[in-house]
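Asks:
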Amino acid sequence: METTNKLKDINEVLEFLYSEFPQCFKQKDGIKPLKVGIFKDIAEKIEGSEKVSKTQVRQALRKYTSSWRYLEAVTKNEFRVDLEGAQAEKVEQEHVEHAQKALEESRAKMAKRKKQQRPRNDGDTKSYKSKGPGHPRHANKKAKVNNNKKPAPQQQRRSSGKVEPLPANEVKVNNKVKVKLGQALVNATITEVNKDEVHVELVTGMQVKTKADSLFIL
Numbered sequence: 001m002e003t004t005n006k007l008k009d010i011n012e013v014l015e016f017l018y019s020e021f022p023q024c025f026k027q028k029d030g031i032k033p034l035k036v037g038i039f040k041d042i043a044e045k046i047e048g049s050e051k052v053s054k055t056q057v058r059q060a061l062r063k064y065t066s067s068w069r070y071l072e073a074v075t076k077n078e079f080r081v082d083l084e085g086a087q088a089e090k091v092e093q094e095h096v097e098h099a100q101k102a103l104e105e106s107r108a109k110m111a112k113r114k115k116q117q118r119p120r121n122d123g124d125t126k127s128y129k130s131k132g133p134g135h136p137r138h139a140n141k142k143a144k145v146n147n148n149k150k151p152a153p154q155q156q157r158r159s160s161g162k163v164e165p166l167p168a169n170e171v172k173v174n175n176k177v178k179v180k181l182g183q184a185l186v187n188a189t190i191t192e193v194n195k196d197e198v199h200v201e202l203v204t205g206m207q208v209k210t211k212a213d214s215l216f217i218l
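Be aware that the sequence shown starts at 1, since it is given in full-length UniProt numbering, and climbs by one per residue.
#1: Please classify P165: does DSSP put it in a helix, a strand, or coil?
#2: Comparing alpha-carbon positions, which option in L7, I38, D9, K8 lies nearest F21?
#3: Is DSSP giving K51 helix, strand or coil here?
#4: Considering only C-alpha positions, which residue in the set V171, K172, V203, A168 is nearest to L181?
#5: In the DSSP assignment, find the alpha helix (DSSP H) that holds L103 and state where it starts and stops.
#6: Tell me whether I31 sits in a helix, a strand or coil according to DSSP, three-state version.
#7: Which same chain residues end up closer than 6 Å to K35 when comparing Cβ atoms and leaving out the 5 residues on each side of it in sequence?
#8: Around the Cβ of A152, are there at least 16 other Cβ atoms within 10 angstroms (buried) or fewer (exposed)?
#9: Would DSSP call L202 helix, strand or coil?
#10: How would you call V186, buried or exposed, if buried means at least 16 neighbouring beta carbons within 10 angstroms?
#11: Candidates I190, L166, M206: which alpha carbon is nearest D213's?
#12: What is the residue span of the beta strand (DSSP E) that N5 lies within?
#13: If you pair each beta-carbon of the stretch 44 to 62 with each one of the stretch 91 to 99, do three or more pairs fall below 8 Å?
#14: Just how far apart, CA to CA, sit R69 and L218?
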C-alpha cells in the first residue's frame, strides 16, 4: 500500500530538513554556510526513508543555498557547519566572492523584474520626449547604461584564460572541477555520476545537475 506520508512539495522537504537537522538548517535567523559535501551526509541519514528522496533533498538544497539569506551568510561567516551544527571547514575567499556575485546578480534580476512590472506613466513618457536627448535626465540614463556594461570586459578577461575539458576518466565522485554556468566557470565538487548526468556541488553549497562536457580541469 502506498504511503501517505511521502513529501511532495519542495517547501515540505525544507521543513523536513529544519526539523531533522535543526542545528544545521535555519529558516531565518542563524543561517550558516553548509559544510562542503553536506548532501552526502544527508543522503546517508535518510537512506531507506519513505518520506523523502535524495532527489528531493538535492532540490531543497538548491533552493536553500540560492536564497539571499544563505548567500549573505556565506559572506559574513568564517566557518561552515555540519549536520550537528559543529564547526566545519573555513569559508574560502573565492567562495565569499562567488556568493557576493550571485547575490548581486539575483538582486539585479529582481529589480529588473519589478521595473518591467511597474505600470508606465504616459505623462512621464511624454515629458521625456519633450525634453530632447540633450536633457540631463537622458544623460543620466546613458550613464547608467554605460555603467552596466563596464564589468563585461573584466569578465571576458577573467574567462579568457585557457581551460582544458575534464577527461572522461576523471569524471569521478569527490573530484574537484570547474563547471560552466552560463559564461562563467565556477569551482565545484562532483557528488554523483549517473550515466550522462553529473551532479556537482558549487562552492556556495548549491547542488547543480550538468553534463560531463560542461566540466573542466580545476
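Even for Gly, the Cβ is constructed at its ideal location relative to N, Cα and C.
Replies: On the basis of the data shown:
#1: DSSP places P165 in the strand class (E or B) of the three-state scheme.
#2: Among L7, I38, D9, K8, the Cα nearest to that of F21 is on I38.
#3: Coil.
#4: Answer by Cα proximity: V203.
#5: It spans 93 to 117 - the alpha helix (DSSP H) in which L103 sits, taken as one unbroken run.
#6: In the structure shown, I31 sits in coil (DSSP, three-state: anything other than H, G, I, E or B).
#7: Residues of the same chain with a CB within less than 6 Å of the CB of K35, apart from the 5 flanking positions on each side, are R80, D82, A88 in chain order.
#8: Low local confidence applies: a pLDDT of 47 at A152 is under 50, so the model's placement there is unreliable, with the coordinate-based value given in what follows. Exposure of A152 is indicated by the presence of fewer than 16 other C-beta atoms within 10 angstroms of its C-beta.
#9: For L202, the three-state secondary structure derived from DSSP is strand.
#10: It is buried - the Cβ of V186 has at least 16 other Cβ atoms within 10 Å.
#11: Answer by Cα proximity: L166.
#12: For N5, there is no enclosing beta strand (DSSP E), since its DSSP letter is neither H nor E.
#13: Touching, no, given that fewer than three Cβ pairs across the two stretches are closer than 8 Å.
#14: So the two alpha carbons sit approximately 28 Å from each other.
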